[in-house]
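So the structure is just underneath, and the comments pick up after that.
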Amino acid sequence: MADSPGRPDGTDDEDQDVLIGEEPGASVHPMLATEDSYEELDYDLNIEAPITEQRERLASGTIASIVEEHTGPASAEEVGTEATELENDVERSSLEGDLSNLQISEEVTQRRADTVPDRQDVPNDTDEEVLQNREAGQREIKDEDIHSSVWRDHKKHVFILSEAGKPIYSRYGNEDKLVSLMGVMQALISFVQDGKNNLRSIVAGGRTFVFLVRPPLILVAVCRTHESQQQLLLQLTYVYNQVLSVLTYSQLSRVLETRKNYDLRRLLGGTEKFLDNLLNLIDQDPSFLLTAVRCLPLDSTVRDTIGHSIQSAKIKDLVFAILIADNQLVTLCRMKKYILHPADLHLVFNLLNASTSFQAADSWIPICLPKFDSAGFLHAHISYLDNSKACLLLLTVDKMMFFELAKCKEKIVEKLKKHHCIEAINRAVAGGGYRCLEVGISDLRHFIYKSKSTAQFTAPELEAPYREKEERARLFNMYQYVHQRVHNAARPLKIMFHVGSREAMLGWVTTGFELYAVFGPLATKQVAILAVNKLLKWIKKEEYRLFILDPPEF
Amino acid sequence: MYFGYQNRGSFLTDTMTSTPRSCVMLQQFFIYNPTLGPKEGEEEKKILFYHPRNTSIDNQIKNVGLSEAVIKFTETFSTERPCESMHTQKTRHLYLQPEKDFSIIMIITVPFSEKTKDGKTYHEYHEEDIQDSVYSAVLKHAYKLFKLFMGSFTSIMENNGIDQLKHRLEHFYSRYLLTLRLSHSDILEIHNGILFLPLDKNTYLRIQCFINLVEASFSQIKYTAFLYNDQLVWSGLEQDDMRILYKYLTTSLFPTSLDTELKETTIKSNQTLGSTHYGKFVTGPTDPHDQQSSSQIRPPKIFVNNGSHIEELHLVVYRALSATVCLMVDGSTIPPLDWYKNIDSFIGPQLSSLASDIGEQYANRKGSSSASQDFKFVYFNQMNLAQKTTVHNRKTSSATISPEMVRLISDINADFTRFEEDGETLMKTMSDCWVVGKKSDQREFYVVINQKNATLTEINEEVKRLCAAHFTNIFFLD
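Protein chains in written order, with full-length UniProt numbering: chain A, 1 to 554; chain B, 1 to 478.
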């Protein structure tokens, strides 16, 4: 049965039972969390649980427990209090009144800079400097006139404000000029809340306005796209997670609890670039739509060698080692007990994608992965290996481990070089993925295949007729459209086949996988069915190249 | 059976139970004009109609204020297209700006079910049960029906004053809102189509002759419409007015008048003036020969669009057996009782004989059509508003398939509208039902097929076969 995957045509029910675990890219050793993010979101929105409870659900492992396990309870407390200390600083100085505002921000920034060990030979490219660099690179879009039609007609606006209605971020235009607009948003939300209800969205003027309240923040999207409310809410959740990755939930809530009117931009200063970049990625990268990660296609022997090299360099307190090249995952090595959520990994991808400064020198920065633990920071050693496209992130709970990790990295590089792995990665990146032609199905234009058990997906390069930017965007919208229909919360589908004037799209969801395939508009259903059956066989044959099925563990 | 579904639910299913979901209900319905109370402290003056009536003035002002704020906020981004809806967890607000400065807001409840998880009970709201396209159509119809019977808001305000407008709104909506069947609203509201009665050429021509004769003999009659049961045979009105009138006749006037007929136990044939016929007035005098009872009953007025301006007419509905003629009479004068008498004696016998002939033809045809249980369909043609459905019960016009399937039809319809292009969509649900939608040259065709083991290819063949069988001369893009 293994080589005859079910057919998207209804007769597959029995086959499907056999198929589970046999579908292409299936693995019983997941390294990523696989729960359905849309469902989770629905649940979060529906249940009126206290926020702390929701936060517990956010965490798949806690930093404190890792520390405890490795060093005993005493130091766990130390780490646990670290975040609190930080907040106390804010609290203490806030008591001193408004005059000390400047001081607070300095202190906090200082504090974040302090997370870099105070040793002479530490590379200078600390987050503080990165921060400065970010500030230096002015956002051009800032200057846009918010009364112009250019500003109004952006495809997707995203705003972040505090629960008090203070502007924190706007994707386009200077948020300082949007004080009154954001005030109205806040007022609308709180008016509806007064009636023990929650505002979700407004449809007006050919736009969808979506509201997500994540105390102490409010996130709003205004879109001219046809994404569903559900899809947009998930995107806003990604944005919220990006904010947490810089601040942690503990710090964010403490700061705004203490002083409702606190200008959060003081703490987030310089990180707008990461929000901008995240939003650009969301609009073109299926990872976010699917809550899945894309792997760099690589021979399984090479991938195994890389995995072993990283594994053998294991040191105490190293929680995750992540190797990324060209926005794709090469391998992920983790502590046995902890798995990573794709949403957290997206933040890591975004971090690398948004900043070029990591290429210049090894860096050491604190990062909060909210799904992993929204209460505290992990510390990341980030380095591009041997001036290649491959970037290695070593994540630990111990902020004093820079030098140990630097050594660890040297060891890994040495091994990778010995086995010519870096060259292999470079070659894979330069090759630019695989082409749809390789599959050998003439009618198939493009596809996206997600293996649910591993939260990984694969897709070929975009080729004609999807070379132009507009056409790519349109295709992506079509994928979003089929996705929203098959994943409708109330009316989920097993199969959807849509024929429009420019293409035919198939969406097929089973317990093990999701497949979206694009054909020419004249492709018949028979052709499409034959094609996807052939495609599944091809993916199955290539699964060790396209997916990470045996992830290494420490 | 729902294998895939369970898997999706794995995150939540362990310890959950749930109760059946509540119904969609009308929570509020109000009409306001912001220019009537522009000053602070005068907000009350904006409000022209508010349902429920017992809402405190403070709450009325607050809710009107919210909708004004929402409209103003969204206009920051675009004024090209209007504000359509606001979604909250527990309610859905639908907005309509039918005339300059007038807004109608309809607030309906989102169905919920009670769920228990880990010993805690909470309400789960089923937002996706409420489809904007369906309820926007319900709201639009509520306005258009008012306009048909009362005229436009603006014209009433200009000609009769604000108090008269308020009075008419109260008069109309306090009753109309009670008749809304929100939980049964579906794709039919969106199409708002008309059921036509196909007839052989002879009968059709006879009806046409009959109408021409009536219109020639009674010059006060401006337009005529002819129906058999709830099917339209002929109409002289503009299409847009006819679809409103048609809906009123078939969902409101006919059912209530049939009730009264049934109460009279035996249908008395009218034997006056020597001829035998079954005709009687549905609107207008119940018995034109009874001076006393009839003189008071005036037929309702309607306002229709004759292309260039709004025309005021009296709607006189006359019925014999299953055939109904709507006589739309010049509105400037009220027809005298003699006129009704003449109509009755002129139309009564002819209409009775026409009705029984159509009935015969109708009965023969009915026997020949075989209804399959495996599939149901909805068809709509935007060009002539023709609509056909086997998804809905003829009598109650509520759907006979699961609500999810009917909503999928509206989903596909919404997508066609959004893409503004022809196309085809096939969907297989978690319960292995197939829903297929095709749109081609302004025609829409939806099929629900309940064949558990059918393949995509088989379904495709089945739909093709159906198209060929039911719509022989209609070309559907494959």
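Quick reminder that beta carbons are idealized off the backbone N, C-alpha and C, glycines included.
Residue nearest to A/LEU493 within the set B/HIS184, B/SER257 and B/CYS433 is B/CYS433 (criterion: CA-CA distance).
Counting the other CB atoms within 10 Å of its CB gives B/GLY41 a total below 16, which places it among the exposed residues. By the C-beta criterion, the stretch 273 to 288 of chain A is judged to be in contact with the stretch 336 to 354 of chain A, since at least 3 inter-stretch pairs fall below 8 Å. In the DSSP assignment, A/VAL28 falls outside any alpha helix (DSSP H) and carries neither an H nor an E. Between B/HIS126 and B/PHE149, the alpha-carbon positions lie close to 36 Å from each other.
When DSSP assignments are scanned along the UniProt domain "CCZ1/INTU/HSP4 first Longin" (26 to 151) of chain B, the uninterrupted stretches of beta strand (DSSP E) that are 3 or more residues long and fall wholly within it turn out to be 26 to 32, 47 to 51, 83 to 88, 91 to 99, 102 to 109, 112 to 117 and 120 to 125. Per DSSP, the unbroken beta strand (DSSP E) holding A/PRO366 starts and ends at 363 to 367. Where B/PRO336 is concerned, there is no enclosing alpha helix (DSSP H), because DSSP gives it neither an H nor an E.
Listed along chain A are ARG491, each with a C-beta nearer than 7 Å to that of B/LEU408. If the five residues before and after A/GLU144 are omitted, its C-beta is found closer than 7 Å to the C-beta atoms of VAL150, TRP151, TYR172 and GLY173, all from its own chain and listed in chain order. In the three-state DSSP reduction, A/CYS408 falls in the helix class (H, G or I). Contact fails between the stretch 244 to 257 of chain A and the stretch 201 to 210 of chain A, because fewer than three Cβ pairs, one in each stretch, are under 8 Å apart.
Closest in C-alpha terms to A/LYS415, from the list A/HIS498, A/ALA313 and A/MET478, comes A/ALA313. Straight across, the Cα-Cα distance linking A/PRO215 with A/LYS371 is about 16 Å. Chain A has no Cβ within less than 8 Å of the Cβ of B/CYS467. Chain-order list of chain A residues neighbouring B/MET430: PRO492, LEU493 and LYS494, by C-beta distance under 8 Å.
At least one CB of chain A lies nearer than 8 Å to the CB of B/VAL70. C-alpha of B/GLY279 to C-alpha of B/GLY236: approximately 22 Å in a straight line. When rounded, the separation of the alpha-carbon atoms in B/HIS87 and A/ALA430 is 47 Å. Under the DSSP definition of a beta bridge, A/CYS223 partners with A/LYS156 and A/THR208.
Assigned with DSSP and collapsed to three states, A/CYS295 falls in strand. The contact set of A/GLY205 on chain B, defined by CB atoms closer than 8 Å, consists of THR74, GLU75, PHE77, SER78, THR79, GLU80, ARG81, PRO82 and CYS83 in chain order. For B/THR283, same chain residues with a beta-carbon under 7 Å away, outside a window of 5 residues either side, are PRO299, PRO300, LEU315, VAL316 and VAL317 in chain order.
For a Cβ distance threshold of 8 Å, residue set GLY500 of chain A lies close to B/PHE419, ordered along the chain.
Chain-ordered listing is empty here: chain A has no CB closer than 7 Å to the CB of B/ASN413, the nearest sitting near 13 Å. Excluding residues up to 5 positions away in sequence, LEU354 lie with their Cβ nearer than 7 Å to the Cβ of B/ARG206 in the same chain.
For the 8 Å CB-CB criterion, B/MET25 and B/THR109 form a contact. With at least 16 other beta carbons inside 10 angstroms of its own, B/GLN131 counts as buried.
Secondary structure note for A/GLY183: its alpha helix (DSSP H) is the uninterrupted segment 179 to 194. When Cβ pairs closer than 8 Å are counted between the two stretches, the stretch 416 to 424 of chain A is seen not to touch the stretch 332 to 343 of chain A, the count staying below three. Straight across, the Cα-Cα distance linking B/ASN342 with B/GLY331 is about 19 Å. For B/GLU312, same chain residues with a beta-carbon under 7 Å away, outside a window of 5 residues either side, are LYS301, PHE303 and GLY331 in chain order. Under the 10 Å beta carbon count, A/LYS452 is surrounded by 16 or more other beta carbons and is classified as buried.
Within the stretch 150 to 175 of chain B, not one residue has a Cβ closer than 8 Å to any Cβ of chain A. Segment contact: the stretch 294 to 308 of chain A against the stretch 396 to 408 of chain A, fewer than three CB-CB distances shorter than 8 Å; contact not assigned.
Judged by beta-carbon spacing, A/TYR449 lies within the 8 Å limit of A/THR458, meaning their Cβ atoms are closer than that value.
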